[in-house]
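First residue of the sequence shown? That's 3 in my numbering, and the numbers climb one at a time after it.
Note that CB positions come from ideal geometry on N, CA and C, so glycine has one too.
First comes the structure, then the notes that go with it.
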Amino acid sequence: MLTKNPVRYFVLSNGAKTRLFQSDINAPLLELSFKDFVQGNQLFEKFINYLTPKSFAKPKMQSNISKLHKLEKHPLADVNSAFAWCHQHIYKKDNISQAAAFTEFVKVIFLKLLSDRKIRDNYPKCLSRKCH
Numbered sequence: 003m004l005t006k007n008p009v010r011y012f013v014l015s016n017g018a019k020t021r022l023f024q025s026d027i028n029a030p031l032l033e034l035s036f037k038d039f040v041q042g043n044q045l046f047e048k049f050i051n052y053l054t055p056k057s058f059a060k061p062k063m064q065s066n067i068s069k070l071h072k073l074e075k076h077p078l079a080d081v082n083s084a085f086a087w088c089h090q091h092i093y094k095k096d097n098i099s100q101a102a103a104f105t106e107f108v109k110v111i112f113l114k115l116l117s118d119r120k121i122r123d124n125y126p127k128c129l130s131r132k133c134h
C-alpha cells in the first residue's frame, strides 16, 4: 500500500548526533555522528541517498516487512499452555483469586478479539492476502 503521509522522512540533530527517521516509525533509520559527515563515508552516502530529489520522484511502497510480527499457527497444547501461564501470571501478580484472575484473563482475550475485528473491518484486503 502507498503511504498516505506525504512526509517520508525527517531529520533530528543536536549537532553532535544526527538521526534520520521514517515518518511513521519511532526508531531511527540512520544515526550519524558529526565526524560521519564526510564524502566517502558509507553512512553519509546512505543518508544522502535517502534525501536526494531522485528518491522522492516516485511514491515508494511501504516496506516495513522486517518490522512485522509473523503469525504462526501453533499446536493446541502450546496454546493451552500459554493461556494457563497467562492466567497464573495474573493470579500471582495481582494477588487475586483464581476466579477473578480468570475474569481478568477473559477481558484481555476479549480486547484482543475486539482489536482483531477492527483490523478485519478496516483492512479486509490485508486479511485475504491481497494487501502488499
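N-terminal and C-terminal residue of the alpha helix (DSSP H) that residue i is part of
i      : result
Tyr93  : Leu78 to Asp96
Gln100 : Gln100 to Asn124
For residue i, the nearest candidate out of the options (CA to CA)
i     : options                       : result
Phe36 : Leu53, Ser99, Ser15 and Gly42 : Ser15
Gly17 : Phe39, Ile27 and Ser25        : Phe39
First and last residue of the uninterrupted beta strand (DSSP E) at residue i
i     : result
Glu49 : It should be pointed out that residue 49 corresponds to Phe in this sequence rather than to Glu. Where Phe49 is concerned, there is no enclosing beta strand (DSSP E), although the alpha helix (DSSP H) it sits in stretches over Gln44 to Leu53.
Where residue i falls, given that 16 or more other Cβ within 10 Å makes a residue buried
i      : result
Thr105 : exposed
Ala103 : buried
Ile92  : buried
Leu22  : buried
Between the CA atoms of residue j and residue i - distance to the nearest angstrom
i      : j      : result
Gln90  : Gln100 : 8 Å
Lys56  : Lys48  : 14 Å
Val110 : Ala79  : 20 Å
Tyr125 : Lys94  : 38 Å
Asp118 : Asn43  : 45 Å
Opposing strand residues paired with residue i [DSSP bridges]
i     : result
Arg21 : Leu14 and Glu33
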